[in-house]
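Quick note: the sequence shown uses this note's numbering, first residue 444, plus one each step.
Just so it is clear, CB atoms sit at the ideal spot from N, CA and C, and this is done for glycine as well.
Below you'll find the structure, written out as structure tokens, and then a few comments.
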Amino acid sequence: MDDPDWEATWQEHASAFDRVRAVVLAVSEPRSAEWIADHARVAESTARDHLDRLTDMGVVTTHAGESGTTYGPDPAYVRFREIRELTGEYDSDELSGFVVDLKESIAELREAYDVDTPGALRAAATEPGVDADEARQMRRAASDWEHYAYRLSLLEDAITRYDEYTATETPA
């Protein structure tokens with residue numbers, strides 16, 4: 444966001460609401476309204492109004508902490524949005540193929556490191572005799588494993604409810 448031309452274009456073509464939504468949905472950890480306002484290029488009061496609306500809509504969750512309220516994406520909203528994207532872009536056979544690929548990737552990690560969970564892999568990275576480079580690689584592999592497991596759960600949900608999510612008629 445350091446390119447002034449990009450910022451001007453963004454401010455000109457995206458509403459304040461859309462900018463606040465884009466910023467809050469992109470954060471990896473909850474952020475204050477002030478931080479979100481700064482990154483969305485809006486007044487803090489405007490950000491708070493839009494964040495309250497997004498919270499009411501189930502798009503954003505609030506987190507009360509020592510330094511005040513922070514905001515982040517609602518995990519259920521994000522999950523459903525990702526499933527909706529999968530069912531919109533791929534048919535059920537393609538989704539099933541992705542499931543096979545992810546299961547193979549998880550099996551390869553399980554076999555390569557001789558552990559059953561990402562947590563066990565992280566624990567193995569702290570064992571004596573594991574050098575720093577190997578520990579970093581193991582932690583990265585554990586993160587990959589968790590990502591694969593999350594994607595696998597999305598795919599399984601998408602496949603299970605594929606007909607429901609791709610129906611063109613609204614149920615009565």
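Item: Segment contact, 8 angstroms Cβ cut-off, at least three pairs: the segment 599-608 with the segment 538-558; Value: yes
Item: Beta carbon of valine 543 nearer than 8 angstroms to that of leucine 497; Value: no
Item: For alanine 585 and proline 561, believed in contact at Cβ under 8 angstroms, the rounded distance; Value: 4 angstroms
Item: Chain-order list of residues whose beta-carbon lies under 6 angstroms from that of threonine 512 (same chain, five-residue window excluded); Value: Thr505
Item: Residues sharing a beta bridge with threonine 505, DSSP; Value: Tyr514
Item: Runs of alpha helix (DSSP H) wholly within the segment 553-586 (minimum 4 residues, chain order); Value: 561-568
Item: Where tryptophan 449 falls, given that 16 or more other Cβ within 10 Å makes a residue buried; Value: exposed
Item: Three-state class that DSSP yields for serine 475 in the structure shown; Value: strand
Item: Alanine 457 - DSSP class collapsed to helix/strand/coil; Value: coil
Item: Whole-angstrom distance between aspartate 559 and threonine 452, CA atom to CA atom; Value: 49 angstroms
Item: Cα-Cα separation, leucine 595 to tyrosine 514; Value: 27 angstroms
Item: Three-state secondary structure assigned by DSSP to valine 485; Value: coil
Item: Helix, strand or coil at alanine 610 [DSSP, three-state]; Value: coil
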